[in-house]
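Engineer: Here's a structure for you.
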């Protein structure tokens, strides 16, 4: 049998509070390639594992701007340049009546960018992930909290990291097969 | 949303409020209670009968639509001058009902009203189904629905583009954007719960289907952070959107010069009416659902009370709208507006106008009484009355105005035919059928957002 190096070590905690405390200690101890899993959003957790670079707002802003420009540009090109209709000499670029569709497309493109940008930045869809091989990980979507230290962390060494996790009062520690 | 918990259990004015979730629940029991409805609970006889009834009525809709496509809109009661009959009445009614979902999920989220967490999911589903029902009507009332794609700007051999200066085209964009954004909002709200169902499903096929839909969600802290941002941003985008949709619908009327339509009060008064009817529909669904599925601990009296208060407030905005319409008709001195007012009060459709006032203004005042707001049976009845009233409002606006406009020679009457009624009731069947399917297939209460309401979700700041 080929020996596959492990993916990392995962520790289980009973409450959000324990997980946040443990994640803070782990980050303070110098581990950087870590992740935490919880059954609901815990605001403090991203900060605790040192995640600060959230690009979703930027993607949404860009999407919204593109949507607005598309909305107005489309109407301008179609109603002024490509298919002008002179109705009683009224101005072709009748911007007040173009506002609504510009607004709607801003929202549409912004919303689509927020959702698909979030999914893309999260690397989803990803139906398989090594962490799913841990039998108790099914509880991460119910009532358990997990902290993961990836094997490619510079500070990682199988025995030392396990020992470190034990000091955090984890309920159980298991190795994630690669 | 972790800090979004409700701290006002007992307020200082001495009034004890019902909690948003009954005490004694844990992450595990909340999860089990909601997911078991989908995963393990067998379909009851009541569900089968209800679904079958909805399904049968949907067949009536399909039959009537089939006949409509064969024969054309002449089978309806519409004529000249009343070219907008049931189709537009029902369209506006359904799209109005569809407003509550996004209001509850987006606006109440931004306002940190955590009580929304247990009703947002099915309110959003209701929105989607209501908008789907609404979409049928403008689609088929064009007369040649197979050419509806002409409404969208696409390069074509006829060398023309749509008329962007028409409110009817704005409506196409507003409604399709609203449907898309509501669908996205609903779907991303579902992702973490789909992961919960994936992890708890016993059956291999069920697990695979939920697994595919959950897209491999694993609850990573990085994912949650981006997820929460995207959800908030989407709420921020959906908030002006939900207010704009019925505004644009009201432009279909307000931009025209027909007496009774050409008024600036329409946008706010349409939006308030939409929220009014939307909450009425939410209550009409929530009251039986919480009883049948034993969810009284999650959808508490607090939710019923709050929804009743929203209805009371928006009902008064609607009443103000009626008052201003009548006042401008009288005070404006325009003889056509005065005639319209006279027609509403004494014309051939006057009975409907008085019924509208009774349904939308007088009966809902019962909600001032605290006992009414906490009594599910009364709330259900009042909500039903409001839904009827809001339907009448659209009938009054559309039919009374069109039946008697500027020239006496072009006056006419409108009577719906059996085909009008079949399509209308058919969409109600389709709506109910969809709701019945939804409560069995997807978690009708957001599981992960309910977890955040529990005291054990609290994390002390450093």
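Protein chains in written order, with our numbering: chain A, 3 to 180; chain B, 1069 to 1530. Just so you know, even glycine gets a beta-carbon here, dropped at the ideal spot from N, CA and C. All values derive from a computational prediction rather than experimental measurement.
#1: Please state if the CB of residue 151/A and the CB of residue 68/A are separated by a distance shorter than 7 Å.
#2: Which whole-angstrom value describes the C-beta separation of residue 148/A and residue 13/A, a residue pair presumed to lie in contact below a C-beta threshold of 8 Å?
#3: Of the choices 1488/B, 1527/B, 1503/B and 1529/B, whose alpha-carbon is the least far from that of residue 1140/B?
#4: Identify whether residue 41/A lies in helix, strand or coil by the three-state DSSP scheme.
#5: From the DSSP secondary-structure annotation, give me the bridge partner or partners of residue 1540/B.
#6: With respect to the beta strand (DSSP E) encompassing residue 178/A, which residues constitute its N-terminal and C-terminal limits?
#7: At which residues does the beta strand (DSSP E) containing residue 150/A begin and terminate?
#8: Is DSSP giving residue 1288/B helix, strand or coil here?
#9: Near residue 1333/B, which residues of its chain fall below 7 Å by C-beta distance, leaving aside the five closest residues on each side in sequence?
#10: Using a Cβ-Cβ distance under 7 Å, would residue 147/A count as near chain B?
#11: Run the CB neighbour count on residue 159/A, radius 10 Å, all protein chains shown included, and call it buried at 16 or more, exposed below.
#12: In this structure, what does DSSP give as the bridge partners for residue 13/A?
#13: Let me check understanding here. Comparing Cα to Cα, which of 1263/B, 1188/B and 1430/B lies closest to residue 140/A?
#14: Compute the Euclidean distance between the alpha carbons of residue 174/A and residue 16/A, then round it to the nearest angstrom.
#15: Can you tell me the Cα-Cα spacing of residue 113/A and residue 1249/B, whole angstroms?
#16: Just to confirm my understanding: we take residue 1444/B, look at its own chain, exclude 5 residues before and 5 after, and list those with CB closer than 6 Å. What are they?
#17: If you measure from the beta carbon of residue 1074/B to each beta carbon in chain A, is any gap under 7 Å?
#18: Quick one: Cα of residue 61/A to Cα of residue 109/A, how far?
#19: Output the distance between the C-alpha atoms of residue 1396/B and residue 1335/B, rounded to the nearest integer angstrom.
#20: Is residue 2/A near residue 143/A, with beta carbons less than 7 Å apart?
#21: I want to know whether the stretch 1266-1280 of chain B touches the stretch 90-105 of chain A - three or more CB-CB distances under 8 Å.
#22: Using a beta-carbon distance below 7 Å, is residue 1267/B in contact with chain A?
#23: If residue 1265/B and residue 1107/B are in contact, beta carbons under 8 Å, what's the gap, nearest whole angstrom?
#24: Residue 140/A touches chain B at which residues, Cβ-Cβ below 8 Å?
#25: Using a cut-off of 7 Å between C-beta atoms, extract the partners of residue 1015/B located in chain A.
#26: So, residue 1153/B versus residue 1199/B, is the Cβ gap smaller than 7 Å?
#27: Please list, in chain order, the chain A residues whose beta carbon lies closer than 7 Å to that of residue 1175/B.
#28: Give me the chain B residues within the contact set of residue 17/A, using Cβ-Cβ distance strictly less than 7 Å, ordered along the chain.
#29: Report yes if the CB atom of residue 1341/B is closer than 7 Å to the CB atom of residue 1168/B, and no otherwise.
#30: Give every residue of the same chain whose Cβ lies closer than 8 Å to the Cβ of residue 1505/B, excluding the five residues on either side of it in the sequence, and list them in chain order.
#31: To which residues of the same chain is residue 138/A closer than 8 Å at the C-beta, ignoring the five residues directly before and after it?
#32: Please report whether the beta-carbon of residue 56/A lies at a distance below 7 Å from any beta-carbon of chain B.
#33: Does DSSP classify residue 8/A as helix, strand or coil?
#34: Does the beta-carbon of residue 1216/B have 16 or more other beta-carbons within 10 angstroms, so that it is buried, or is it exposed?
#35: In terms of alpha-carbon separation, which member of 1377/B, 1124/B and 1491/B lies closest to residue 1501/B?
#36: Short check: CB of residue 10/A to CB of residue 29/A, under 7 Å?
Structural biologist: Let me lay it out:
#1: Between residue 68/A and residue 151/A, the C-beta spacing is not below 7 Å.
#2: About 7 Å separates the beta carbon of residue 148/A from that of residue 13/A, a gap short enough to meet the 8 Å contact definition.
#3: The candidate whose alpha carbon is nearest that of residue 1140/B is 1488/B.
#4: In this structure, DSSP gives residue 41/A a state outside helix and strand, which the three-state scheme calls coil.
#5: Given that chain B is displayed from residue 1069 to residue 1530, the structure contains no residue 1540/B and the question cannot be resolved.
#6: Unbroken beta strand (DSSP E) run through residue 178/A: 174-178.
#7: First-last of the beta strand (DSSP E) with residue 150/A: 147-152.
#8: In this structure, residue 1288/B counts as strand in the three-state DSSP scheme.
#9: In the same chain as residue 1333/B, and ignoring 5 residues on each side of it, the C-beta atoms closer than 7 Å to its own belong to 1389, 1392 and 1393, in chain order.
#10: No, no contact with chain B.
#11: Counting the other Cβ atoms within 10 Å of the Cβ of residue 159/A gives fewer than 16, which makes it exposed.
#12: 149/A and 175/A, per the DSSP bridge assignment.
#13: Scanning 1263/B, 1188/B and 1430/B for the CA closest to the CA of residue 140/A turns up 1263/B.
#14: Roughly 10 Å between the two C-alpha positions.
#15: So the two alpha carbons sit approximately 6 Å from each other.
#16: So the qualifying residues of the chain are 1355.
#17: Here residue 1074/B scores only 47 on pLDDT, less than 50, and its place in the model is too uncertain to base an answer on.
#18: Distance between the alpha carbons of residue 61/A and residue 109/A: 13 Å.
#19: Going from the Cα of residue 1396/B to the Cα of residue 1335/B covers about 16 Å.
#20: The structure shown does not extend to residue 2/A, since chain A spans only 3 to 180, so no value can be given for it.
#21: Short answer: they don't touch.
#22: Yes, residue 1267/B counts as interfacial toward chain A.
#23: Going by Cβ atoms, the distance from residue 1265/B to residue 1107/B rounds to 7 Å, so yes, they are a contact pair.
#24: Under the 8 Å cutoff, chain B gives 1267 and 1268.
#25: Past the edges of chain B, shown from 1069 to 1530, lies residue 1015/B, and the structure says nothing about it.
#26: No, Cβ-Cβ distance for residue 1153/B and residue 1199/B is not below 7 Å.
#27: Residues of chain A passing the Cβ test: none, with the nearest at roughly 15 Å.
#28: Within 7 Å Cβ-Cβ: 1524.
#29: No. Outside cutoff.
#30: Cβ within range, chain order: 1119.
#31: Taken in chain order, the residues that qualify are 14, 146, 174 and 176.
#32: It does: the Cβ of residue 56/A has a partner Cβ on chain B nearer than 7 Å.
#33: Residue 8/A falls in the coil class under three-state DSSP.
#34: By the neighbour-count rule (16 or more Cβ atoms within 10 Å), residue 1216/B is not buried but exposed.
#35: From the listed residues 1377/B, 1124/B and 1491/B, the smallest Cα separation to residue 1501/B is found for 1124/B.
#36: No, they are not a contact pair.
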